[in-house]
Amino acid sequence: SGMIEKQITLRFCKLIQAELETNYNVILTRTTDEKLSAYQRVSLANAHRGDLYLSIHLAGSGLQAGGFYFLEADGKVLDQSGPLIPWKLAHVRHAMQSNKAAELFRNTFIKMTDNQKYVADPCHTILLQGAAMPAVLVEPFAISMLPRQTDPQDDLLNQFVKIISACIDDYFTKTHQKK
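Numbering-wise (this note's numbering), the sequence shown opens with residue 34 and increments by one.
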């Protein structure tokens with residue numbers, strides 16, 4: 034369609050930030066069209082001691098819904114005796130909470146869009162690896178769902194911004210975490 038996923042995602046994330054910033058301290062890992070590695074993005078979130086890390090992307094073209102993904106502990110147990118936790122295991126401490134967050138996002142999206150095709154599944158991705166907080170890979174919709182014109186695009190993006198905002202409010206209400 035000629036639309037560039039990273040540009041739409043950045044615009045979408047800025048809209049989410051604007052919606053949430055009155056109630057939450059929102060840190061975007063990028064605010065311009067710059068390239069940051071997954072390691073750099075997660076490191077930035079860790080440095081800010083985030084309460085929830087969302088890696089936001091658009092789902093593959095042609096899909097009728099998106100999904101919410103998390104890293105599992107895969108039976109790994111952390112050795113809490115040492116001061117350092119290996120990067121690849123940082124997520125283990127938060128795996129259950131990440132799973133719950135992904136499920137909550139999925140359920141909220143199903144309820145607010147009336148689309149039963151959303152999934153919440155474990156995945157193996159470097160996009161969440163190293164997160165020292167609950168972390169979810171968020172793919173709220175497919176790029177193919179967006180109209181080509183800017184005004185209808187903004188309308189659709191704003192609908193999804195409201196849903197993401199509801200998900201985050203619900204997450205912090207149910208986990209009783211600080212905002």
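Here a beta-carbon is modelled for each residue, glycine too, at the ideal position from N, C-alpha and C.
Legend entry - Helix, strand or coil at residue 45 according to DSSP, with G and I counted as helix: Judged by DSSP in its simplified three-state form, residue 45 adopts helix.
Legend entry - Own chain partners of residue 61 with C-beta closer than 8 Å, once the 5 adjacent residues on each side are dropped: Taking residue 61 as the centre and dropping the five residues before and after it, the same chain places the C-beta of 46, 47 and 50 closer than 8 Å to its C-beta, in chain order.
Legend entry - Cβ-Cβ distance between residue 131 and residue 168 below 7 Å: The criterion of a C-beta distance shorter than 7 Å is satisfied by residue 131 and residue 168.
Legend entry - C-alpha gap between residue 101 and residue 181, whole angstroms: In this structure, the CA atom of residue 101 is about 25 Å from the CA atom of residue 181.
Legend entry - Cβ-based burial, residue 81 [other Cβ within 10 Å; buried from 16]: Exposed, by the Cβ-count rule.
Inset, instruction - Look up residue 173 in the DSSP assignment and give the residues it is bridged to. - result: Note: residue 173 sits in no beta bridge, so no partner.
Inset, instruction - Indicate the three-state DSSP secondary structure (helix, strand or coil) for residue 86 in the structure shown. - result: Residue 86 falls in the strand class under three-state DSSP.
Inset, instruction - Could you tell me whether the region 152-172 touches the region 73-80, using the rule of 3 or more Cβ pairs below 8 Å? - result: The answer is yes - the region 73-80 touches the region 152-172, with three or more Cβ pairs under 8 Å.
Legend entry - Inter-residue spacing [alpha-carbon to alpha-carbon] between residue 92 and residue 172: Between the alpha carbons of residue 92 and residue 172 lies a distance of about 5 Å.
Legend entry - Residues near residue 203 in its chain [Cβ-Cβ closer than 7 Å; skip 5 each side]: Sequence-distant Cβ neighbours of residue 203 in its own chain, meaning closer than 7 Å and more than five residues away, are 137 and 141.
Legend entry - Per-residue burial, residue 99 [other beta carbons within 10 Å of its own, 16 or more giving buried]: Counting Cβ neighbours within 10 Å, residue 99 comes out buried, since at least 16 surround it.
Inset, instruction - Below 8 Å on the Cβ atoms is my guess for residue 196 versus residue 145; work out the distance and round it to an integer in Å. - result: Yes, they are in contact, since the Cβ atoms of residue 196 and residue 145 sit about 5 Å apart, within 8 Å.
Inset, instruction - Go through its chain and collect everything with a Cβ distance to residue 191's Cβ below 7 Å, but skip five positions before and after it. - result: Exclusion of the five residues before and after residue 191 leaves 48 as the residues of its chain whose Cβ lies within less than 7 Å of its Cβ.
Inset, instruction - Can you say whether residue 157 is buried or exposed, counting buried as having 16 or more other CB atoms within 10 angstroms of its CB? - result: Taking all protein chains shown into account, residue 157 has fewer than 16 neighbouring C-beta atoms within 10 Å of its C-beta and is therefore exposed.
Legend entry - Unbroken beta strand (DSSP E) run spanning residue 153, endpoints: Residue 153: member of the beta strand (DSSP E) spanning 152-155, first to last residue.
Legend entry - Distance, residue 143 Cα to residue 68 Cα: CA-to-CA, the gap between residue 68 and residue 143 works out to about 32 Å.
Inset, instruction - Please state whether DSSP places residue 199 in a helix, a strand or coil. - result: Look at residue 199 here: in three-state DSSP terms it is helix.
Legend entry - Own chain residues within Cβ distance below 6 Å of residue 74, not counting five before or after: Within the same chain, 62 come within 6 Å of residue 74 by CB-CB distance, once the 5 residues on both sides are set aside.
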